[in-house]
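Here's the structure we're looking at; comments come further down.
Protein chains in written order, with the numbering used here: chain W, 229 to 986; chain R, 65 to 609; chain Y, 2 to 512; chain P, 6 to 110.
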């Protein structure tokens, strides 16, 4: 087993250890054992940093890939299939390394941050335990090398998100939110599961690589429509997890959870897992599937942005912006801008985490005030927070010199290239929506900055609220609330600083205008599809064209990495080329003409994208300034003027109401109907029979009792009545008995006499 | 060995018979000892079991040795029936991959059941007598390889169950008990006819006599050409299959024969619910795998779609009914209807993944549902009500209980990392891989969502949030300033006490362990399942004719 | 016009009697016992019921020994073919004596006899007379003997059923039984006369020979067989000749009820089997129309009607004795199923079923008597909560009832098993009948379980957990019967072997 | 009318058939227990006539024997019956069988 594998296993298990330890012993430890969590995560981060260093910096190779697996289930010699084993394994490649580093870093920072934020909570220790299991399952998603295990960890992050959203479970809103989140994710997971099943049913394996190999070899038994379906269904998992339309409704509610959780799970890592998963299966997505993905992403980005404009809750604004940004990533994958999307995933993770932690600091300082209307002028009180927040905001808005700028523009460029490739007019909706949302993003972030940090404090405007902690000084004046709000302590400040630093362009690329020149895009080249034109070309040609994914000597058993590396490098001319001649290299790599053209055109569209998006961003910020700083336009007045639109946005396009009315009400109704059916129809023969038979007045009164007692269905009723009728023959008069017998004899006689004569 | 594990409880029962009924503690301890001994034996059998032997049918040459293990085969009844040769009934026990898992499950659950019977106060002696009789009957059903013997054990279960529900049950127990009795008897009497018909249709290849041996019956080559259930007598073979299927389906219980279950569960005392859901339901599906399908493979192949659809109905219908329940125990009862639907679906897949999933699901459902009912019992003991809306916010006041409930509930809704997930997953894998059941599988996945829905909803209503106004317990501020609750007339420990933990923790450990690494149980069954699938496959039948 | 027999003929007659007497010992012995009991009753003064009881018991026990002797003897006809000795007959001799002994036991347990009647002597004497009658019924091979033995049983039964003179129900039972019995035996004898007219023979072997040799007028044959069937049907209490039985069973003293429901039904079957198998000439296949009529259909109708009617109407009964009466009608139906098959396994099934019926039915009646002694009632509602007060009796009764339903592991289950095996051994021919039998037995579960339901699941009105111990002897007996019921349910080999051995009849080779 | 010129088997059989029917009629219609018993006697005697006639025409003794036994048993039966009926009269103070129907469904 390669040392990196061992290390990544350690990375995977340490947080689990922290969970197990804390869940059982947190009450027995000093400080409820938070140091255990922080320490473990620190260690985890250290190891992943080392992995990152070795993988990305040392072998600087796009095709780097390590794999190790073991037989988890053994079905023996299955009739019709042959020996069948289900394997579990780990894969370490560039993407994994980067994700590991990112996840562990943010998780570590959040742990640290929480020591300040959650201090004094009743279940302080349990909180760290939950964070531990979340980190564990998230790392599992990152590391796993097959669909089955990723599904397992997929649900486990769902669980930990469930636990953490409902951490304040005594609040009904929190309990509702956690249930909603879990169920919404379950719906997505069903799709994902069906997708997995489609693939398994064809290949009897879960492993990515084997599936890709089979696909590349054109062994997919069902029609192409099934393959598209598989892609879309797998994407449903992402729709659930990454809160894409139509399953986005859970994420804003998830803000009921503690803010560090929002930062870690619902901004940086878990919600990005959906994107990560789609990236993992990117190569098997057919063009049709990609179209669906692209449109859903674009629509989500736009819709969420419009909603974010009107929200009052500081965290909700960020939540919707998260949805919107995830929409971008999905859009990016949909249009084939693979690297760009993943790039945006990482950059977004950092600056959005920064924003959430910042807002957390504000909320903490404001004594759990979340409504932006009652904030304002905080820049004086909280300089550190202010600065980091602004940096992250710029990155989110996508201003030059920030990381967000590079990644977003790469995506938009990709979308342009995509639209041009596909040709017909409606594909242009994708880039249009993308650019428009860029403007909206800039606008609502500008609004938020202004409402929170600039102007005068509006705390005193807040109507008195006995329940709020700071209700004591609701109405007293300026000074009063000023020494109410202070900058937060170092353990909450440090994460802000680190994350803000990571939102600057230089970390990723020397050229502030082009991420393509950066190490990231080079290390994460767009893999060649295995389904596009694959049926045209020869299997092994396709296999070769698949780039890193299938390029291993002995795919099945775990093996020595060096060998793998030797086996790989020669097989990737394009990889080498890419290193040599920068971004242009990629386009030659693709066997699939469509993919090649997209790559080409999107590169061509690069500059246009920059120009348009910069204009959009400037427009957005300008609008924000006009509205909130110079007050040329009165926001409330405008809101009145366009009330329907305002309401639509303010009420989140009414999705919650719609779902409530249709699905939830619907299933409740069905449930009611079914159980009624169960009680009254299927089982109800009994009672129905009882009522029926009461009409037979000449039965003895105990009939009900007997019937309802023992009789199970209609035969019971029949048996009983027939009994009731037959017994009437028993008159008690002996002569009738005799007559009966004689009649019987006579009857027989007549019967056979008739037979004889005939 | 097997005889011992089967008849231990009866021996215990005889001992109890000698104990004066005033000595409740002794009676309990005796039964517990018997159950534990059974457990130990089960583990020994498990350790000594060789997973590479297939079972299902006889080994080459028609002798069960080399195919089954721990065989005990004695001539029991040998009658000369003149024109029809001699009637041979054998005392024929043995285990293969199908039974061994169920044997372990039975031993486990009946031990738990004894522990949970500790609270029974009324007529302890009679109770444990019947309980031990029941335990013997259940274990016997799983290890019997002679149809006659199987039938005897099968019917032997009814009477104790009738009295256990009827005498120690809830207010409406008479109804529930007689309903259970009539329903299940209705199912099994037809089995008697089929059994006799099979007897006249099958010849034991070794002795050349008619036989009740299930091993001989499982091999289509042993059927007499022009007998009533002979290979060419299609009509009667279909009839027999359907009759058997209905008989077993009633036990499962399969829609629309399920209505006895909610009543029986709601009325039965906790330990009996545990036994009922934990083991008895499994007998239905076990019977299908052991008897119904291998004996009539071609009919089975012909009716895959129907079975699958019925399974899907069970899954979804049960889930919806559970969603609508107000009584916690009734909800759990419907949930087990829903979960047994997965088993049916997996069987309908008729491939290794599906069947393994089904059998594994039987085991997991046994442990998980046992936990669920025990937990319901815990809260019922305290609050004397099971109405969900009578609770709320319990998580703050009974953290340990809430924790265990979390494990059980999530295991039941199929959360990965807990055993329920793996079995359901492979049921779906199998069902989807099979052409016939693919559309059914695509529909039944909805069950996953609604399963999550009713479980999470009940979880929220009972444990999260704050105490309701009309809750079944009072709130008070303890001396330490924290809030506490206390139930009316409940003297014991508020949170789980030692006995309850002793029942629940082992189950929880098993559920978690088998969720992470299923091979210890799954490894036992794979060979037999593959053999079964191979026996059932159309290929095998083609080679036969 | 008739010339007197010559001396030689008389010699031969005497010789035949002498030779026959050797094979006639049990009957002779029982007749002696009968007279002895009357004499003892006259001779001994004071309370002698217990003494007489034990005496009868012992006497019958001894007769077992004489019957056992007959196994060794070569079977064959006696007294000019009036009488026959074969395994079949021996079986029923055992059966009659055994059930007689059980009847005595039940009688000795029944308190009502001390209350109701002064002189118990005639009772036992008549019981023994009935035993003799039944012993002869099973062995008689001549219409005359059949008639005589049936009348012997009948007359003693009339008296016994009315033995509680001051109890109107008992007297009513006697009257109904008398009238019904007299009429049906009248019908039967008229039928006999017609058969005699057709064949000029009264020995059933020679009758069948005659019929198959010279043929017959189907109309007359049918009429006569119907009349005979009416007579037998009344003995076995099958629908539609059953009407007397519920009332008589309810009214008669419980031991008599038990005795009638088991022994006289069994004897009736013995006659039916013998007459049906032997007198009616069978063609090549047993299932084609015989003697111009479709016997198969007729008997099927009888048995199906009995099963359905008996079980269905039993659901309504509140009086346990009456309930058991109806159930015995149903059991006649099950037994007829065995007769239908008309082959050796069918006969064997019937004999086994009768044995099981002997055990479980007597057991049930015995417990009923014990309970009646304590509660003074045979009403279902008065059984509430008895399970707590008489646990052993409750358990035993439950076992007997389960066995009557036919659930394993009881002997009743094996009986049903054999019956259905006999049916299904004929392929799919009788599946329909088997289905009816199965379904009706499910119905029977319901009403049988009403009794344990009341005993265990319901609480009695009057409080107090006073345990009603029926006494050591009774407990032992109950336990023995219960254990036997279960033991033979698990290890029925000896019983079924015996039944098989006994299914051989003189002058008949079964298919 | 020719074959009726001399007494033949058919005459006897017709007589017995008529007797039999009368007996059945009595049994079915009469309320008085005694009369019902007389009806039974008629039936038995019908049988006797048959037996005798047949034994004369078949030329065998069995019929005669049979009828003798039937007569004897009829007497015995009558004795028992009377005893029972008297007891009934003691209790119900009537011998009307239709009034004796305490036991019924």
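All C-beta atoms in this analysis are idealised placements derived from N, C-alpha and C, irrespective of residue type, glycine included.
Among the options, which residue has its Cα nearest to the Cα of residue i?
{"i": "residue 382 of chain Y", "options": "Y/30, Y/457, Y/92", "result": "Y/457"}
{"i": "residue 560 of chain W", "options": "W/540, W/528, W/545, W/541", "result": "W/528"}
{"i": "residue 279 of chain R", "options": "R/141, R/82, R/157", "result": "R/157"}
{"i": "residue 171 of chain R", "options": "R/206, R/160, R/182, R/150", "result": "R/206"}
{"i": "residue 299 of chain W", "options": "W/312, W/387, W/284", "result": "W/312"}
My assumption, with CB atoms under 8 angstroms, is that residue i sits in contact with residue j. Please give the rounded CB distance.
{"i": "residue 338 of chain Y", "j": "residue 420 of chain Y", "result": "5 angstroms"}
{"i": "residue 51 of chain P", "j": "residue 28 of chain P", "result": "6 angstroms"}
{"i": "residue 317 of chain W", "j": "residue 373 of chain W", "result": "4 angstroms"}
{"i": "residue 89 of chain Y", "j": "residue 504 of chain Y", "result": "7 angstroms"}
{"i": "residue 348 of chain R", "j": "residue 313 of chain R", "result": "6 angstroms"}
{"i": "residue 438 of chain R", "j": "residue 446 of chain Y", "result": "Actually they are not in contact, since the Cβ atoms of residue 438 of chain R and residue 446 of chain Y sit about 32 angstroms apart, beyond 8 angstroms."}
Could you tell me the distance, in whole angstroms, from the CA atom of residue i to the CA atom of residue j?
{"i": "residue 598 of chain R", "j": "residue 307 of chain W", "result": "6 angstroms"}
{"i": "residue 385 of chain W", "j": "residue 744 of chain W", "result": "32 angstroms"}
{"i": "residue 238 of chain Y", "j": "residue 429 of chain Y", "result": "28 angstroms"}
{"i": "residue 230 of chain W", "j": "residue 316 of chain R", "result": "50 angstroms"}
{"i": "residue 925 of chain W", "j": "residue 955 of chain W", "result": "Because the pLDDT of residue 925 of chain W is 26, which lies under 50, any placement of that residue in the model is unreliable, and the question is left without a value."}
{"i": "residue 253 of chain R", "j": "residue 570 of chain R", "result": "38 angstroms"}
{"i": "residue 27 of chain Y", "j": "residue 137 of chain Y", "result": "10 angstroms"}
{"i": "residue 8 of chain Y", "j": "residue 496 of chain Y", "result": "49 angstroms"}
{"i": "residue 57 of chain Y", "j": "residue 105 of chain Y", "result": "7 angstroms"}
{"i": "residue 444 of chain Y", "j": "residue 250 of chain R", "result": "9 angstroms"}
{"i": "residue 855 of chain W", "j": "residue 468 of chain W", "result": "35 angstroms"}
{"i": "residue 140 of chain R", "j": "residue 414 of chain Y", "result": "16 angstroms"}
In the DSSP assignment, find the alpha helix (DSSP H) that holds residue i and state where it starts and stops.
{"i": "residue 684 of chain W", "result": "That residue, residue 684 of chain W, is in no alpha helix (DSSP H); it is neither H nor E in DSSP."}
Looking at the secondary structure, which residues open and close the beta strand (DSSP E) in which residue i lies?
{"i": "residue 754 of chain W", "result": "Counting along the chain, residue 754 of chain W falls outside any beta strand (DSSP E), and DSSP gives it neither H nor E."}
{"i": "residue 72 of chain P", "result": "Here residue 72 of chain P belongs to no beta strand (DSSP E); instead the alpha helix (DSSP H) covers 67–97."}
{"i": "residue 155 of chain R", "result": "150–159"}
I'd like to know if the region 353–370 of chain Y and the region 382–400 of chain Y are in contact, where contact means that at least 3 CB-CB pairs between them fall below 8 angstroms. Yes: at least three Cβ pairs fall under 8 angstroms.
Can you confirm whether the region 487–499 of chain W touches the region 520–540 of chain W when touching is taken to mean that 3 or more C-beta pairs between the two stretches lie within less than 8 angstroms? No, because fewer than three Cβ pairs between the region 520–540 of chain W and the region 487–499 of chain W fall closer than 8 angstroms, the two stretches do not touch.
Are the region 268–282 of chain R and the region 326–336 of chain R touching by the rule of at least three beta carbon pairs closer than 8 angstroms? Flag = no, the region 268–282 of chain R and the region 326–336 of chain R do not touch.
Is the region 570–590 of chain W touching the region 616–628 of chain W in the sense that three or more CB pairs, one from each, lie closer than 8 angstroms? Flag = yes, the region 616–628 of chain W and the region 570–590 of chain W touch.
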